[in-house]
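In full-length UniProt numbering, the protein residues as written are 1 to 148.
Ideal Cβ positions, reconstructed from N, Cα and C, are used throughout, including at glycine.
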Ligand SMILES: [Zn+2]
């Protein structure tokens with residue numbers, strides 16, 4: 001997984017390439033052919049390194065875009081859930097909690113809606129399908145609409 005330091009490495013490779021090019025421009029062209037070829041090889045290596053590092057930077061940016069999209073989605077749906085006892089729920093027309101319980105931990109820590117299901121190992125317990133956090137069933141029960 002590339003990180004921000006990759007940008008520094010890419011910039012360093014580009015600087016090396018630039019320095020070599022400047023050196024070649026400023027030099028007499030009385031170079032031995034072998035010496036010139038060596039400098040050109042260094043230049044190509046530096047540019048190739050920079051290219052590889054920039055591909056890593058591109059991956060990093062794609063990953064960051066994905067995270068940003070997830071956060072935006074979570075932010076937009078922030079008002080769609082309400083806490084009731086030990087879980088989060090959707091709201092009915094009058095703003096009351098309704099429906100299946102969502103994991104308190106996942107919602108508050110990661111802004112992710114994860115349903116709680118019956119815990120097969122605990123009678124009347126519930127468990128998060130994602131983080132496996134356990135909840136007491138009576139504090140996280142499904143809320144059914146009141147008959148009108
Ligand atoms: Zn969870």
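For residue i, the three-state DSSP class (helix, strand or coil)
{"i": "residue 123", "result": "coil"}
{"i": "residue 85", "result": "coil"}
{"i": "residue 144", "result": "coil"}
{"i": "residue 33", "result": "helix"}
{"i": "residue 112", "result": "coil"}
Straight-line gap, residue i to residue j (C-alpha atoms, nearest Å)
{"i": "residue 138", "j": "residue 63", "result": "40 Å"}
{"i": "residue 143", "j": "residue 109", "result": "23 Å"}
{"i": "residue 47", "j": "residue 66", "result": "29 Å"}
{"i": "residue 86", "j": "residue 70", "result": "24 Å"}
{"i": "residue 58", "j": "residue 37", "result": "31 Å"}
{"i": "residue 68", "j": "residue 6", "result": "20 Å"}
Expected contact under 8 Å - CB spacing of residue i and residue j to nearest Å
{"i": "residue 112", "j": "residue 122", "result": "With a Cβ gap of about 23 Å, residue 112 and residue 122 do not count as contacting."}
{"i": "residue 145", "j": "residue 98", "result": "6 Å"}
Unbroken beta strand (DSSP E) run spanning residue i, endpoints
{"i": "residue 136", "result": "134-136"}
{"i": "residue 116", "result": "116-118"}
{"i": "residue 99", "result": "97-103"}
Terminal residues of the alpha helix (DSSP H) in which residue i lies
{"i": "residue 131", "result": "Looking at the DSSP string, residue 131 is not in any alpha helix (DSSP H), and its letter there is neither H nor E."}
{"i": "residue 8", "result": "5-26"}
Bridge-paired residues (DSSP) for residue i
{"i": "residue 64", "result": "Beta-bridge pairing links residue 64 to no other residue."}
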